[in-house]
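Shown next, in structure tokens, is the structure this report addresses.
Residue numbers (the working numbering): 1 to 117.
Have a look at this one:
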């Protein structure tokens, strides 16, 4: 059973930076596309960034140039570096894993990011 545990959220001023990390265990990490999603109060959960096993990435337009997703196959972790944070980035951020063959999907418990103006 895949388990995902996020860490690194917190409170930061606008313009600041945070790095989120997600530890993956319970299966073969390289078989999964990993991603970060976020959900702000009263809004739908939305994609922030995804990274394939080979390192190809895609980002939401709202975070391009500010956020960077990466993964470490030795540590079974996926990270999200967030720079130039804005108040509208405030949300609960969730780690996501999708198995490339059977499309099974897993979610972490979420970590709160709050950006003050």
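Glycine is no exception: its CB is placed at the ideal position from the N, C-alpha and C atoms.
Other residues of its chain near residue i: CB distance less than 6 Å, five sequence neighbours each side excluded
i	result
residue 117	14, 87
residue 34	51, 71, 78, 97
residue 45	37, 39
residue 53	30
Same chain, Cβ closer than 8 Å to residue i, neighbours up to 5 away in sequence not counted
i	result
residue 101	31
residue 62	88
residue 90	40, 113, 114, 115
Spatial neighbours of residue i in its chain, beta-carbon cut-off 7 Å, leaving aside the 5 residues before and after
i	result
residue 112	9, 92
residue 16	85
residue 73	29, 30
Within 8 Å, strictly: CB atoms of residue i and residue j
i	j	result
residue 12	residue 4	no
residue 80	residue 60	no
8 Å contact criterion, which residue i and residue j should meet: CB distance rounded
i	j	result
residue 24	residue 76	5 Å
residue 69	residue 36	6 Å
residue 83	residue 66	5 Å
First and last residue of the uninterrupted beta strand (DSSP E) at residue i
i	result
residue 29	Residue 29 -> no beta strand (DSSP E), and no H or E assigned at all.
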